[in-house]
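Reviewing the structure listed below.
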Amino acid sequence: MSKYVGKSIKRTEDPRLIKGLAHYVDDVRLPDTLHVAFVRSIYAHARINAIDTTEAASTPGVVAVYTGKDIAEKVGPVPCAAALPDLKVPDYRVLATGKALFVGHPIAAVVATDRYVARDAADLISVDYEELPVVVDCEQAAQGGALVHESFGDNIAYRLTSGEGDIEAALKSADKIVSQKMVHQRLAPIAMEPRGVLARYFPGEEELTVWSSTQIPHLLRTQLAIMIGIPENKLRVITPEVGGGFGSKLNVYAEEALLGWISIQLGKPAKWIESRRENVQATIHGRAQVGTVEVGCKNDGTITGLRYNVVADLGAYHQLLTPAIPTLTGLMLSGAYKIPAIQMNVTGVFTNKMSTDAYRGAGRPEATYVVERVMDIVAAELKMDPVEVRRKNFPKADEFPFHTATGLEYDSGDYEAALAKALNLSGYQALRAEQAKARSEGKLMGIGMSSYVEICALGPSQAMPAGGWESATVRIEPTGKVTVMTGASPHGQGQETSFAQIAADELGVDLNDVTVIHGDTAIVQYGIGTFGSRATAVGGTAVFVAIQKLKEKAGKIAAHIMQCDAANVSFEAGKYSRQAASAAAAGTSEPSVPVGEAPAGALPEPQTNGRTSLTIQEIALAAHIAKELPPDTEPGLSATYFFEPKNFTFPFGTHICVVEIDKDTGDIKIVKYVAVDDCGKVINPMLVDGQVHGGIVQSIGQALYEEVVYDDQGQLVTGELMDYALPKASQLPWFETDRTETPSPVNPLGVKGVGEAGTIGATPAIVNAVVDALSPYGVKHLDMPVRPEKVWQIIKS
Amino acid sequence: MKQAISINVNGVDHAAEVEPRLLLVHYLRDVLGLTGTHVGCETSICGACTILLDGQAVKSCTMLAVQANGSNVTTIEGLATNGDLHPVQEGFWEKHGLQCGYCTPGMIIAASQIIDRNPNPSREQIRHGLDGNLCRCTGYQHIVEAVEYAARKASA
Chain A
1092 MSKYVGKSIK RTEDPRLIKG LAHYVDDVRL PDTLHVAFVR SIYAHARINA
1142 IDTTEAASTP GVVAVYTGKD IAEKVGPVPC AAALPDLKVP DYRVLATGKA
1192 LFVGHPIAAV VATDRYVARD AADLISVDYE ELPVVVDCEQ AAQGGALVHE
1242 SFGDNIAYRL TSGEGDIEAA LKSADKIVSQ KMVHQRLAPI AMEPRGVLAR
1292 YFPGEEELTV WSSTQIPHLL RTQLAIMIGI PENKLRVITP EVGGGFGSKL
1342 NVYAEEALLG WISIQLGKPA KWIESRRENV QATIHGRAQV GTVEVGCKND
1392 GTITGLRYNV VADLGAYHQL LTPAIPTLTG LMLSGAYKIP AIQMNVTGVF
1442 TNKMSTDAYR GAGRPEATYV VERVMDIVAA ELKMDPVEVR RKNFPKADEF
1492 PFHTATGLEY DSGDYEAALA KALNLSGYQA LRAEQAKARS EGKLMGIGMS
1542 SYVEICALGP SQAMPAGGWE SATVRIEPTG KVTVMTGASP HGQGQETSFA
1592 QIAADELGVD LNDVTVIHGD TAIVQYGIGT FGSRATAVGG TAVFVAIQKL
1642 KEKAGKIAAH IMQCDAANVS FEAGKYSRQA ASAAAAGTSE PSVPVGEAPA
1692 GALPEPQTNG RTSLTIQEIA LAAHIAKELP PDTEPGLSAT YFFEPKNFTF
1742 PFGTHICVVE IDKDTGDIKI VKYVAVDDCG KVINPMLVDG QVHGGIVQSI
1792 GQALYEEVVY DDQGQLVTGE LMDYALPKAS QLPWFETDRT ETPSPVNPLG
1842 VKGVGEAGTI GATPAIVNAV VDALSPYGVK HLDMPVRPEK VWQIIKS
Chain B
-4 MKQAISINVN GVDHAAEVEP RLLLVHYLRD VLGLTGTHVG CETSICGACT
46 ILLDGQAVKS CTMLAVQANG SNVTTIEGLA TNGDLHPVQE GFWEKHGLQC
96 GYCTPGMIIA ASQIIDRNPN PSREQIRHGL DGNLCRCTGY QHIVEAVEYA
146 ARKASA
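Spelled out as structure tokens, the structure:
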């Protein structure tokens, strides 16, 4: 049955991309487009006493200049969809009014006929700032000091305790308690395509079209309709090609609403393309937690309880999901282990910095890092092999569904199998022998591992702020071509291909007959979007079920045409056939409706007369011509399905990393990297490998290179790619990947999701390897990014 | 004060009067409408804007259009010949060397330069040759395989 699913099919989206013919937002060209440039705060905290726009406004080519005062009451605030008890939500206006609260905070917008003129004019705007005390460090912010929002009285946005079990008793029952402070540094997602918005208002039709580089076209449409005050059915959001998101485009930004509003004011298309500098300043950041973990263990390595007290640096405002991200950390603190009692106490604090929000992994990498670092710390404390500590605490394969003390039901898993495969693939025992030899020769070699679990396929609507389902419409056109419309919004993951694989197999048609459409709210039924490794598990399932509905109808039509009971019709390889027994009974006869003479230019009539088998594509034609339909059957052949998952899915795996450290320079070289991932059933192995590779490299970035740095005045020090260090090709090892396959019972495809596996699983494996390498110096923990200077200082001290 | 320039792009001569400050990438994208060349960082780090200038891979975001006066430029749109994909383009498709595709045009141009200079590059040489181009999606491994594929194909 499966001709495509499970195979490494080349991507159908690639030809346009490799020829340079794809259209990202800035590639969409409309006549008379106006260009927008922003004036952004150069201070982390300042009162705006006055803004002089005179010179800018009189520059030739400038059409309009807007400040916060002009629009404060006209455009609604930037929304936060996260609901938490007693959450403080600041009023986040699309342009600063009165005060600027972070470097990059938009203050004014200049609209001009040319992007160079807009930029020039923005530089002519003079802002009279009065600097105010800033708070940059999140732990200090939690203590008090300077206030980000005076009216709140402190910098605490919320406090939340989560987890189950008696943590005090659990820690008391332990033979040993270990404790470690850990920093999850602030990261910048850095999609290679910065954000961009093009808005076009049609004054006659009173309709607004917004092209935006976003992961959530429909949710964006709803939010923009509210912000701008335009009926949602007069607003169309199109996501053309999107050049990466990693969570940074799972949001609703001030600029998206502003551009729509500006186009309405001026009656012309308006475009803004984010510069990289703006991108680092004013697109959401990720991670940014400082926490202390306490864990109790028995002398045999059994974990009795885990407590994590953490301060989460939220930045100055809440973007769409800002306060919710640390709650995902709390959910995943059980990792791949049976831990009877878990407690997380999180304090979310405001700081004079850009908001944090979902960056690939979104709160789960922090949890995995805590748990997987702790496993190594416990192993070191008990002088056990890190493998044995992990094994000691794994739930067995027959213990699933497995309830955690964080309140989750892990769907399926076999953690030992993935671990065993990774150990085998890496030659773990030989590596330990090699390490012993290297140490005896005075060399620094480290082996690190991580047995992770992630929570994916977000998720049941009960657990999501704006619905956790996904939608699909599958239609067979009169000519037999198949159109799949998904509410997911892929932006590099390759679902134009993988969804076509599912559809082609289920319908028994050629892959090239299937087109997958997404990212246009005027064409595609309402959907949720692509994030949280959900597109295939939730959106792919919607496609699958919609196809089953469609086939049910097609089967009835087939039976009617072939004059037999639907029960006597079988479907295989794209063809409905009347079963032999029933064919003999029914005989052959004329179709129930006589077919008249076709006028020139009419659709070709399906030749159904006397047939005992029909392709589903022929049935599609018959369904549209509608002359031979069973009673009470709607013409056409399409089906829509909204899939609501009953649970999340829980992919898992084991990664093993080997590093060598240069004693003279502190340089860390990853010499071996093995990843065994289990993402359930695999639709396209090549795409899964691609997701895993990319995720691991973002993990390597966090472990070794990347960090958003603000100085003590809140100035962004790493404001360009010259300073923000993304991993390069030559810094990386060759990844050896393999898989185990434990199907998820949550959806009929058995898929779990893989988009974030690498970023969730890999970071601790790398840091564990570095710590292991430096253990002869008594090193028990190092904070990220572990840069050579940090290592060099340890070696030299 | 605009300046007259003449640049051959993908085999076609183009003459224009441009502001001296106009970046080459904006000339290609906004004046000629060749939007396959992307802007990713404006600081010569990411390489999304890489083109061939008289056969040399250069970053068109930090070069002025007037500096390219009299030159031959090849952009991603001009890489295929007679509708046949360049071996590097083919390699990227075969080996899943792209995900979101934004870095891809610059990556492909840089990769074509690598195999122009060294028809049989090692993995290390390929990685070194790609250091001026950043990809946030693929982790580079499939890109390295794509370049290996292209090198084999080109020398076959």
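Here the protein sequences line up with chains A and B, keeping their order. In short: position in the first sequence from 1, add 1091, done, that's my numbering. Counting along the second sequence from 1, when you hit position 89 you're at 84 in my numbering, and nothing is skipped either side. Note that beta-carbon positions come from the ideal geometry of N, C-alpha and C, so glycine has one too.
* To do: Report the residue from A:D1505, A:E1663 and A:Q1271 whose alpha carbon sits nearest the alpha carbon of D1769 of chain A.
  => A:D1505
* Under the DSSP definition of a beta bridge, which residues are partnered with Q1793 of chain A? -> Answer by DSSP bridge pairing: none, since Q1793 of chain A is not bridged.
* Asked: For G1254 of chain A, is the classification buried or exposed, using 16 other Cβ atoms within 10 angstroms of its Cβ as the cut-off for buried?
  -> buried
* To the nearest angstrom, how far is it from the Cα of C1347 of chain A to the Cα of W1363 of chain A? -> For the record, residue 1347 of chain A in the displayed sequence is Glu; it is not Cys. E1347 of chain A and W1363 of chain A: Cα-Cα distance of roughly 9 Å.
* Where does Q1670 of chain A fall in DSSP's three states? -> coil
* Asked: Taking the alpha-carbon positions, what's the L19 of chain B to M1576 of chain A distance?
  -> 39 Å
* How should W88 of chain B be labelled, buried or exposed, when 16 other C-beta atoms within 10 angstroms of its C-beta is the threshold for buried? -> buried
* Asked: Quick one: is the Cβ of A1591 of chain A within less than 7 Å of any heavy atom of the ligand GTP?
  -> What this structure holds is no ligand at all, so the ligand GTP is not there to describe.
* Pair within 8 Å by beta-carbon distance, A1203 of chain A and G1152 of chain A -> yes
* Rounded straight-line distance, which links the Cα of I1593 of chain A to that of V1096 of chain A -> 6 Å
* Among A:E1323, A:Y1207 and A:F1441, which has the Cα closest to the Cα of A1233 of chain A? -> A:F1441
* Asked: Comparing the C-beta of S1680 of chain A with each C-beta of chain B, is any distance below 8 Å?
  -> Residue confidence is low: S1680 of chain A scores 44 on pLDDT, short of 50, so the model does not pin down where it sits. No coordinate-derived value is stated.
* Relative to the alpha-carbon of I1216 of chain A, which residue among A:R1184, A:A1147 and A:L1238 has its alpha-carbon at the smallest distance? -> A:A1147
* Asked: CA-CA distance, D1391 of chain A and L1473 of chain A?
  -> 8 Å
* Using the Cα positions of I1857 of chain A and E1296 of chain A, report the straight-line distance between them to the nearest angstrom. => 56 Å
* **Three-state class that DSSP yields for D111 of chain B in the structure shown** => helix
* **Rounded distance between the beta-carbons of E1832 of chain A and G1771 of chain A, thought under 8 Å** => 7 Å
* Asked: With distances taken from CA atoms, which of A:D1448, A:C1655 and A:A1664 is nearest K1642 of chain A?
  -> A:A1664
* Are the Cβ atoms of P116 of chain B and G124 of chain B separated by less than 8 Å? -> yes
* To do: Mind listing the chain B neighbours of R1367 of chain A? Cutoff is C-beta to C-beta under 9 Å, in chain order.
  => V34, G35, C36, E37, T38, I40 and C41
* To do: Spell out whether any CB of chain B is found under 8 Å from the CB atom of W1302 of chain A.
  => no
* Of all Cβ atoms in chain B, is any one closer than 8 Å to the Cβ of P1876 of chain A? -> no
* To do: Flag this pair as yes or no: are the beta carbons of L1192 of chain A and G1159 of chain A separated by less than 8 Å?
  => no
* **Interface residues of the region 1581 to 1604 of chain A facing chain B [CB-CB below 8 Å]** => H1582, G1583, Q1584 and G1585
* First and last residue of the uninterrupted beta strand (DSSP E) at G1377 of chain A -> G1377 to C1388
* Asked: Is A52 of chain B near Y22 of chain B, with beta carbons less than 8 Å apart?
  -> no
* Asked: Taking the Cβ atom as the reference point for each residue, do G1786 of chain A and R1451 of chain A lie within a distance shorter than 8 Å?
  -> yes
* Pull up the CB-CB distance for G1336 of chain A and H1582 of chain A, whole angstroms please, since I reckon it's below 8 Å. => 5 Å
* Using the beta-carbon of each residue, which ones in chain B are nearer than 8 Å to H1126 of chain A? -> Within chain B, no residue comes near H1126 of chain A; the closest Cβ sits about 10 Å away, beyond 8 Å.
* How far does the alpha helix (DSSP H) with N1775 of chain A in it reach, from first residue to last? -> Unbroken run through N1775 of chain A: none, as it is neither H nor E.
* Asked: Distance, Cα to Cα, R1131 of chain A vs G1805 of chain A?
  -> 14 Å
* Of the residues A:V1116, A:K1110, A:A1172 and A:I1139, the one placed nearest N77 of chain B, counting alpha carbons only -> A:K1110
* Asked: Counting along the chain, where does the alpha helix (DSSP H) carrying C1229 of chain A start and finish?
  -> C1229 to Q1234
* To do: For the region 1700 to 1717 of chain A and the region 1463 to 1478 of chain A, state whether three or more C-beta atom pairs, one from each stretch, are separated by less than 8 Å.
  => no
* Asked: Are the C-beta of K1110 of chain A and some C-beta of chain B separated by less than 8 Å?
  -> yes
* **Beta-carbon separation (whole angstroms), R1367 of chain A vs G35 of chain B, contact threshold 8 Å** => 7 Å
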